[in-house]
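First the structure, in the form of structure tokens, and then the observations on it.
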Amino acid sequence: VTDLNCNMIRIWGGGVYEGDEFFDLCAEKGVLVWQDFAMGCSFYPQSTAFQLKLEEEIYAVVKRLRRHTAVALWAGNNEDDEMIADGNFSFYRPDPNRDRVSRETIPHVLFDMDPTRPYLASSPYWSPEQVSEYYSSAGLPERHLWGPRGYYKAPFYTTDANCIFASETGYHGMPNRESLEKMFPEESVYPWTDEEHFQWKEDWLTQAV
43 VTDLNCNMIR IWGGGVYEGD EFFDLCAEKG VLVWQDFAMG CSFYPQSTAF QLKLEEEIYA
103 VVKRLRRHTA VALWAGNNED DEMIADGNFS FYRPDPNRDR VSRETIPHVL FDMDPTRPYL
163 ASSPYWSPEQ VSEYYSSAGL PERHLWGPRG YYKAPFYTTD ANCIFASETG YHGMPNRESL
223 EKMFPEESVY PWTDEEHFQW KEDWLTQAV
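Residue numbers 43 to 251, in the numbering used here, belong to the letters of the sequence shown in order.
The following block contains the structure:
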């Protein structure tokens with residue numbers, strides 16, 4: 043991270059809670075940490091029973107990590123707002139601002155345990171204004187840029203991504219050879235250009251460029 047001249051790293055909601063050594067190293071290197079809580083890409087139960095269980099987890103996480111100066115921001119989850127607002131609900135598009143997990147339970151614990159740090163309900167965050175005015179991820183000020191995965195300098199990444207801040211950028215890379223040999227017949231691993239197992243990748247690349 044420091045070699046890339048980055049001053050912040052995001053621990054996304056689909057990952058893990060890193061150990062204290064990680065946060066100490068970030069503080070030593072001058073790297074801030076955007077810390078998601080460990081939830082992502084889903085619509086979690088709204089029941090009181092679930093909120094009470096989750097509350098225990100959030101208390102434990104915040105109690106351990108709040109002492110680290112590198113923690114700059116808490117975020118409720120990874121893409122739960124997006125999942126709720128832009129998900130596959132054919133008959134109804136729920137308002138993510140009604141989500142008890144990110145709008146009630148987590149901020150309640152933070153107000154009690156760590157009230158001075160900023161809190162973002164979800165990443166990307168769908169505010170009430172966003173829902174009422176746009177109801178489209180295209181208008182979000184903060185976005186996760188997962189484009190066609192064909193070419194990292196394609197227009198999607200260089201000019202089309204309409205957002206103020208990109209907190210996540212996705213780009214698919216090739217697995218190592220050992221993984222490919224487990225997935226494909228040995229004779230199909232190399233060269234890849236004329237192999238049917240890779241053909242869909244080649245088509246995707248052509249479309250992206």
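Cβ atoms here follow ideal geometry from the backbone N, Cα and C, with glycine treated the same way. Computed from a predicted model, the values in this text were never measured in an experiment.
Same chain only: Cβ atoms within 8 Å of residue i, ignoring 5 sequence neighbours per side
i	result
S169	N139
E97	T147, H150, V151
M50	V73, L74, V75, W76, A114
M155	Y101, V104, K105, R108
Cβ neighbours of residue i in the same chain (closer than 7 Å, five flanking residues each side left out)
i	result
M125	C83, S84, F85
Q189	This sequence places Gly at residue 189; Gln is not what is there. Cβ within range, chain order: A196, F198, Y199.
Y161	W116, P149, L152
A102	none
N47	none
V43	I51, V73
R219	V231
G55	D78, F79, A80, M81, G82, N119, N120
E175	none
Burial state of residue i, where buried means 16 or more other Cβ atoms lie within 10 Å
i	result
E121	buried
V58	exposed
G72	exposed
I206	exposed
A112	buried
P166	buried
A91	exposed
S164	buried
R135	exposed
D78	buried
D236	exposed
D45	exposed
Spatial neighbours of residue i in its chain, beta-carbon cut-off 6 Å, leaving aside the 5 residues before and after
i	result
E228	none
V143	Y86
L187	A203, A208, T211
Q88	R142
D137	V173
P66	Pro is not the amino acid found at residue 66; the sequence shown has Asp there. So no residue of the chain qualifies.
Nearest to residue i (by Cα), restricted to the options the options
i	options	result
L182	L46, V103, D128, M81	D128
C68	M81, A80, I53	I53
Q93	R219, E70, R145, P157	R145
R159	T201, G118, G215	G118
A80	D66, E70, I100	I100
D123	R185, P217, T201	R185
### Message
Please give the ranges of any alpha helix (DSSP H) in the region 113-190, keeping only runs that are unbroken, at least 4 residues long and fully inside the region.
### Response
Note on the region 113-190: whole alpha helix (DSSP H) runs with a minimum of 4 residues are 122-127, 148-155, 170-175, in chain order.
### Validate contact between the region 58-69 and the region 103-113 using beta carbons, cut 8 Å, 3 pairs
Three or more beta-carbon pairs drawn from the region 58-69 and the region 103-113 are found closer than 8 Å, and the two stretches are therefore classed as touching.
### Task
Quick one: which unbroken alpha helix (DSSP H) runs of 4-plus residues sit fully inside the region 69-119? Chain order, please.
If we require 4 residues or more, the alpha helix (DSSP H) runs fully inside the region 69-119 come out as 90-107.
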